[in-house]
Amino acid sequence: MAFSRIDQFQKIKANESEYDICIIGGGATGAGVALDAVLRGYKVLLIEKGDFAGQTSSKSTKLVHGGVRYLEQAVRNIDWQQFKMVYKALHERKVMLQNAPHLAHPLALLTPCYSWWDRIYYGIGMWLYDRISGVTNLKNSQGLGNQRMEQLVPNLKVKGMSGGILYYDGQLNDARYALAILQSAEKEGAAILNYCELSHFGLSPKSLKIKKIHFKDLIAGEEHEVSCKVVVNATGPFTDHIRQLANLKLKPRMKVSRGAHIVLAKSFWSGDTALLIPKTDDGRVVFIIPWRDYVLVGTTDEPDELMEDPKIRAEEEAYLLDYFNRFALNKASQEDVCSGFVGQRPLLQVGLSDAMQSDTKSLVRDHEVEVDQRSKLVSIMGGKWTTYRVMAEDTMNVVEEEVLHRHKQNCHTKDYVLFGGEKIDEIFWKKRIKSLNISELSARHLREIYGFTALKVLEHCEREKGGLELIHASLPYLQGELNYLKNYEMAECWEDILYRRWGISLRDQAKGQLIKDIKKEAFASFH
1 MAFSRIDQFQ KIKANESEYD ICIIGGGATG AGVALDAVLR GYKVLLIEKG DFAGQTSSKS
61 TKLVHGGVRY LEQAVRNIDW QQFKMVYKAL HERKVMLQNA PHLAHPLALL TPCYSWWDRI
121 YYGIGMWLYD RISGVTNLKN SQGLGNQRME QLVPNLKVKG MSGGILYYDG QLNDARYALA
181 ILQSAEKEGA AILNYCELSH FGLSPKSLKI KKIHFKDLIA GEEHEVSCKV VVNATGPFTD
241 HIRQLANLKL KPRMKVSRGA HIVLAKSFWS GDTALLIPKT DDGRVVFIIP WRDYVLVGTT
301 DEPDELMEDP KIRAEEEAYL LDYFNRFALN KASQEDVCSG FVGQRPLLQV GLSDAMQSDT
361 KSLVRDHEVE VDQRSKLVSI MGGKWTTYRV MAEDTMNVVE EEVLHRHKQN CHTKDYVLFG
421 GEKIDEIFWK KRIKSLNISE LSARHLREIY GFTALKVLEH CEREKGGLEL IHASLPYLQG
481 ELNYLKNYEM AECWEDILYR RWGISLRDQA KGQLIKDIKK EAFASFH
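Taking UniProt numbering, the leading residue of the sequence shown gets 1, the next gets one more, and so forth.
See the structure below:
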């Protein structure tokens, strides 16, 4: 079956018995649980209120990392919990890069130093970072002088610096990575739906255990009812809402942190090396990161009120511009900002009585799997992108042992190559591109977005009249891709394509609007 809503509803209709596991939430964590569950042999349904990765999972800082600052906190505070979190994330980092090589790759990051003490301090820290990585280390860190730093980052203002430390983490296309996990789960048999909102749970009259989920198709306006054995709540910052739908007596567990980012043209930061600014006036960490022909500056970290689609504030934009300009030779102004976005990170409250009074920067970004003993709702809370797979594995272990009361099965996701991650025949690819007269820019776009599936995309575009033509001469997108995204990637509106399938509006609002203006007829609003 195709990865389309029509086919997924047909799959649900053809299901003659209850689902083993229903997952609420189509971000990174929910996607990971769906894939893990279906690979363990369970009948799986996942529903998402909006688009896949529509909230936190597409608004990250795009890093696959162990967390250098968490390691610093672990050492300073002798905090074993922080240390374990860094260890776990560092070992998952390489797994993420290997399982979807078209969507994740190594990234060099430079930490500037302003004294010999800084070089010793950060050098030891990065050496420890490498050692914790062990055999999964991407590349050893090294100390650099100012001249070498200027070669790597020509726009870096090195005056006053005493060299720096170069180290390596990963970078990912977060929205498409989540989509690839979901496509993989669907390929293995799961039913996957976006724009389907949970209405309420059907509870057993005696035990009050969840027996059914009731959800509404927000596009067709139809109500659906599905029987299930277990429900997993993987809604990130919105976890408490689902928990209280299952049991009003449950107390809130989540707190959100606001992470704001701005995007500038690549001309402001040439080269492929990112910058980690470890010291800011208010104790935050800021990154300057080359990102898909642009440069990403972020992130803030402060308490926030839970909301959908938070917008960047003027003071956040000014704050990030200020720090960018402190380190860049080419100064940027507000008029140079191509786009800005905010992601709300789900932070697990530690110490329920006083967690609301704590500082979000000091909260542990790890995860916990909770089972409500009355409704048997399983909620996976906290965590971060890099550890999505471990979070899913832990969730499924709890589901099997504590809810289904079965022996824990082996997890099969660690070496599972995700949808589109298969190796492509380079000779065949080059011949195909040449025969269809595809530009180098479009060829790179296709490979980076679809991976191995780019061949299928080209076949689709070739069959469609004018499908191989560009939407606009300055952009790499093909006319035929729009229908491919609608038919095979469940894109239901412009935002799905511009912010997540292609992500161009997240990087450049003007270019996203240009595409929308050219192809006005492509989508009819369902709102």
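In this text, a Cβ means the ideal position worked out from N, Cα and C, and glycines have one as well.
Span separating the alpha-carbon of residue i from that of residue j
| i | j | result |
| --- | --- | --- |
| L455 | L193 | 25 angstroms |
| I424 | P101 | 11 angstroms |
| H224 | N15 | 13 angstroms |
| R69 | V285 | 8 angstroms |
| L172 | K62 | 5 angstroms |
| M307 | T387 | 24 angstroms |
| T280 | I312 | 20 angstroms |
| M381 | L498 | 29 angstroms |
| Q147 | L514 | 41 angstroms |
| E400 | K43 | 13 angstroms |
| S505 | D496 | 10 angstroms |
| A318 | F341 | 14 angstroms |
| F523 | D517 | 11 angstroms |
| L250 | Q244 | 6 angstroms |
| S9 | D217 | Reading off the sequence, residue 9 comes out as Phe, not Ser. Their backbone Cα atoms lie some 10 angstroms apart in a straight line. |
| Y450 | W429 | 13 angstroms |
| A491 | C22 | 22 angstroms |
| I6 | Y484 | 14 angstroms |
| S379 | Q183 | 23 angstroms |
| E315 | K331 | 18 angstroms |
| L377 | D304 | 26 angstroms |
| H407 | R374 | 22 angstroms |
| Y323 | H405 | 53 angstroms |
| I438 | K266 | 24 angstroms |
| G67 | N247 | 35 angstroms |
| P106 | A274 | 11 angstroms |
Residues near residue i by beta carbon distance below 6 angstroms, same chain, minus five either side
| i | result |
| --- | --- |
| M254 | T239, D240 and P346 |
| D272 | P290 |
| C461 | G467, L468, L478 and G480 |
| G236 | G27, T56 and P346 |
| R463 | none |
| G383 | H367 and M391 |
Endpoints, alpha helix (DSSP H) assigned at residue i
| i | result |
| --- | --- |
| I124 | W116 to S133 |
| D322 | A314 to F327 |
| C461 | A454 to R463 |
| K84 | W80 to N99 |
| Y484 | E481 to Y488 |
| Q513 | Q509 to I518 |
| Q408 | The sequence given here has Lys at residue 408, not Gln. No alpha helix (DSSP H) holds K408; DSSP gives it neither H nor E. |
| V295 | Counting along the chain, V295 falls outside any alpha helix (DSSP H), though it belongs to the beta strand (DSSP E) covering Y294 to G298. |
| D7 | R5 to A14 |
heavy atom of the ligand ZN below 7 angstroms from residue i C-beta
| i | result |
| --- | --- |
| G467 | The ligand ZN is absent from the structure shown, which contains no ligands of any kind. |
Residue range of the unbroken beta strand (DSSP E) whose run includes residue i
| i | result |
| --- | --- |
| N233 | E223 to N233 |
| F287 | V286 to W291 |
| Y168 | G164 to L172 |
| I23 | Y19 to I24 |
| G382 | V378 to G382 |
| T239 | T239 -> not in any beta strand (DSSP E); alpha helix (DSSP H) instead, spanning T239 to A246. |
Burial state of residue i, where buried means 16 or more other Cβ atoms lie within 10 Å
| i | result |
| --- | --- |
| Y114 | exposed |
| E422 | exposed |
| A34 | buried |
| F419 | buried |
| P205 | exposed |
| K49 | buried |
| Q73 | buried |
| K511 | buried |
| Q344 | buried |
| A2 | exposed |
| R501 | buried |
| N233 | buried |
| W494 | buried |
| A191 | buried |
| K520 | exposed |
| K159 | exposed |
Contact set for residue i: own chain, Cβ-Cβ below 7 angstroms, skip 5 residues either direction
| i | result |
| --- | --- |
| S270 | P154 and N155 |
| Y177 | A100, L103 and A104 |
| Q142 | L166 |
| V292 | A small correction: the amino acid at residue 292 is Arg; Val does not occupy that position in the sequence shown. For R292, where only same-chain residues beyond five positions count, the Cβ hits under 7 angstroms are R507. |
| V417 | N99 |
| V95 | R389 and K414 |
| N487 | A2 and S4 |
| D130 | N137, N140 and S141 |
Cβ neighbours of residue i in the same chain (closer than 8 angstroms, five flanking residues each side left out)
| i | result |
| --- | --- |
| T453 | F419 and G420 |
query = Between the segment 290-300 and the segment 260-270, do at least 3 Cβ pairs fall closer than 8 angstroms?
reply = yes
key: contact_flag[the segment 217-233, the segment 8-22] where n(CB pairs < 8 angstroms) is 3 or more   = yes
query = Between the segment 408-417 and the segment 22-39, do at least 3 Cβ pairs fall closer than 8 angstroms?
reply = yes
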